[in-house]
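Here's the structure, in structure tokens; my notes come after.
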Amino acid sequence: MKIAMIGSGYVGLVSGACFADFGHDVVCVDKDQSKIDRLNANIMPIYEPGLDALVKTNVDAGRLSFSTDLAGSVKGCDAVFIAVGTPSRRGDGHADLSYVYAAAKEIGEAIDPKTVVVTKSTVPVGTGDEVERIIRDVRPDLEFEVVSNPEFLREGAAIGDFKRPDRIVVGTDTEWAREVMRGVYRPLFLNESPILFTSRRSSELIKYAANAFLATKITFINEMADLCEKLGANVQDVSRGIGLDNRIGSKFLHAGPGYGGSCFPKDTLALLKTAQDNDTPVRIVEAVVQANDLRKRAMGRKIVNALGGDARGKRIALLGLTFKPNTDDMRDAPSIAIVQTLIDAGAEVYAHDPEGMEEAAKILPQVKMTESAYAAAQGADAVAIVTEWDAYRALDLAKLKGVMKGDVLVDLRNIYRPEEGAKAGFDYYSVGRSCT
Ligand code: UDX
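The numbering used here applies: residue 47 is where the sequence shown begins, and numbers increase by one.
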């Protein structure tokens, strides 16, 4: 099949490369000429494990190409995916759909009859209707279909998530469009990945509901962690104890400094706005958004408290700045609020991150970036593990302690056992474990 992917950012690029790997003929389109030039030179605009190799294999095999020419690229396609950005609109939290609508218009002007136009970007319920209207406006007599097909890709694991999905959701009421989508996902279909056909609006809502539910799980266990600290309980045991109940499930019950990233914060906010606009409060999601915002700064205060409540003139080393490991993404990372809290408290902040320092330096110019965890800890009063990179899971804790001035270790991801911290001579703090 012939597929065009409009938008070669995170979702577009991963999806395009994976579709090409399925054997389809794929062109990834972007307006940014320098991005396309770099992709043609096999330089990825994002850090995603395995992506450069996947792109190279498929480019070499002649199945994947890159272009800035949208009109030329969509000609003769069976399916055209819209995978452009939908950032939070400044001021009101609504998803900004101007890129989606601009792409829809250009696509409408250029596609052949019987093309399926697929929205892969996360878009509020009803966007598919608007995309259809825009295309209909420019080509009143064209036979086409607008389908919703949300992505559920985790950064750092996106290729695996694409190729072994829990489910594929396709929203359309039209049988011929369903048939095209079955063809697009045929290899997964053969691997028995469930494909769920729904109406377009249900499909659009599924994406938001899934992310809001996952954000709720995380926020719930984070609040249980706070309670564990007060009650002398251990959140990891509580998490295991509830997660073994199949109705609850064990995933996304890891307590930490709060969720961040490109999806959960933006999508929960957009869902709130949709709910408000439709006069249907979603109070649980409201509480989740608020609790998560408060939590990020609270984690900064946790570090200050570990230092006895006064961080003035103290040197604090943060290990990990990205919102999670295996990405260089700093969007809504808890580290941002943590740094702000520490700076406000008068501390000097040093940091190390395996992939995120370049990005982080733009957002956090106050932080002094260092070349290793040990370099960050040099002369520090406290070290805080903020992101659970593998590189921090096997630190030589005695060596770390040895280069520090103080003895405080705040493990915001619970990657060490309290005994290990104590054995290395640390005054060790973690999340939701009462021995802190
Ligand atoms: C998420 C969804 O998982 C994905 O399906 C969707 O399409 C996009 O958003 P991503 O943002 O890449 O993916 O990251 P994810 O691995 O889901 O983690 C999100 C945040 O939650 C991170 O900040 C992570 O540290 C945090 N988290 C996750 C926890 O604090 N505890 C957990 O148990 C799980």
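Every residue gets a Cβ at the ideal spot worked out from N, C-alpha and C, and that includes glycine.
Note that this is a predicted model, so its numbers are computed, not measured.
If you draw a straight line from the Cα of residue 172 to the Cα of residue 403, it is about 39 Å long.
The C-alpha of residue 159 is placed about 6 Å away from the C-alpha of residue 188.
Closest by C-alpha distance to residue 161, out of 223, 182 and 185, is 223. Under the DSSP definition of a beta bridge, residue 70 lacks any partner. A straight line joining the alpha-carbon of residue 133 with that of residue 66 spans about 27 Å. For residue 476, the pairing in a beta bridge is given by DSSP as 457. The straight-line gap separating the alpha-carbon atoms of residue 388 and residue 423 is approximately 16 Å. Counting only runs that start and end inside the region 137-181, the alpha helix (DSSP H) elements of at least 4 residues fall at 144-156.
Only residues of its own chain outside the window of five on either side were considered, and among them 142 have a CB closer than 6 Å to the CB of residue 135, listed in chain order. In the structure shown, residue 351 adopts helical secondary structure according to DSSP, grouped into three states. The beta carbons of residue 443 and residue 472 sit closer together than 8 Å. In this structure, the alpha-carbon of residue 345 lies about 34 Å from that of residue 325.
Two segments are said to touch when three or more pairs of C-beta atoms, one from each, lie closer than 8 Å; by this definition the region 203-218 touches the region 243-255.
Checking the 7 Å criterion, the Cβ of residue 241 is out of range of every heavy atom belonging to the ligand UDX.
Counting C-beta atoms within 10 angstroms of its own C-beta, residue 238 has fewer than 16 neighbours from the protein chains shown and is therefore classed as exposed.
Spatial neighbours of residue 311 in its own chain (CB-CB distance under 6 Å, excluding positions within 5 residues in sequence) are listed in chain order as 378.
Cβ-Cβ separation between residue 57 and residue 199: approximately 7 Å, consistent with a contact (criterion under 8 Å).
Restricting attention to 63, 48 and 47, the CA atom closest to the CA of residue 54 is found in 63.
For the region 397-423, the continuous alpha helix (DSSP H) assignments of 4+ residues that do not extend past its boundaries occur at 403-409 and 419-423, in sequence order. 435 is the residue among 435, 118 and 263 whose C-alpha sits nearest the C-alpha of residue 371.
With respect to the C-alpha of residue 147, the residue from 180, 137, 116 and 127 having the closest C-alpha is 180. Per DSSP, residue 266 lies in no beta strand (DSSP E) segment; the continuous alpha helix (DSSP H) that holds it begins and ends at 246-277.
A distance criterion of 7 Å places the beta-carbon of residue 308 in contact range of the ligand UDX, judged by its closest non-hydrogen atom.
Runs of the beta strand (DSSP E) lying entirely within the region 94-132, each at least 3 residues long, are 110-113 and 125-128 in chain order. Between the beta-carbon of residue 169 and that of residue 52 there is about 13 Å, and that puts the pair past the 8 Å contact cut. Under the DSSP assignment, residue 364 falls in the beta strand (DSSP E) whose first and last residues are 361-365.
Taking a contact as a CB-CB distance under 8 Å, the pair residue 291 and residue 257 does not count as one, their CB atoms being some 22 Å apart.
Around the Cβ of residue 308, a 10 Å sphere holds 16 or more other Cβ atoms; the residue is buried. For residue 217, the uninterrupted beta strand (DSSP E) run begins and ends at 214-217, by DSSP.
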